[in-house]
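Let me begin by presenting the structure, written as structure tokens, before commenting on it.
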């Protein structure tokens with residue numbers, strides 16, 4: 005079972021969205037940004053999802069610093085909703101840290117976990 009660290013805003017809501025989209029397919033942990041990034045780096049977590057108002061900045065800052073920008077991407081921002089083809093490509097390309105706009109989480113999370121489940 006794949007493990008996801010959930011950081012930043014509305015962590016519990018993101019956790020519920022993951023469970024609703026893929027019941028029993030992921031283990032989730034509510035953690036700090038630093039703990040999530042370091043756990044992914046060590047292999048204790050497979051992925052980290054950070055939710056913030058912008059989906060950029062604070063949602064990914066620590067992950068970029070610890071994992072490198074090549075492992076991180078912004079799934080959605082307030083003015084740019086999640087795009088399925090883009091998410092599929094990022095997962096296929098090995099991205100492991102995902103920033104999302106909390107305003108778009110109800111669309112972004114189901115798309116993301118669909119592709120993470122198949123990865």
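Residue numbers (our numbering): 5 to 123.
We put the beta carbon where it would ideally sit given N, CA and C, even for glycine.
Considering only 108, 98, 73, the residue with the shortest C-alpha distance to residue 85 is 108. Residue 54 and residue 35 have their C-alpha atoms roughly 10 angstroms apart. Residue environment: residue 31 is assigned as exposed (fewer than 16 neighbouring CB atoms within 10 Å of its CB, all protein chains considered). The beta carbon of residue 106 lies closer than 7 angstroms to those of 13, 14, 55, 56, 57 in the same chain, with the five residues before and after it left out. Proximity of the stretch 20-31 to the stretch 59-69 falls short of the contact definition, fewer than three beta-carbon pairs being nearer than 8 angstroms.
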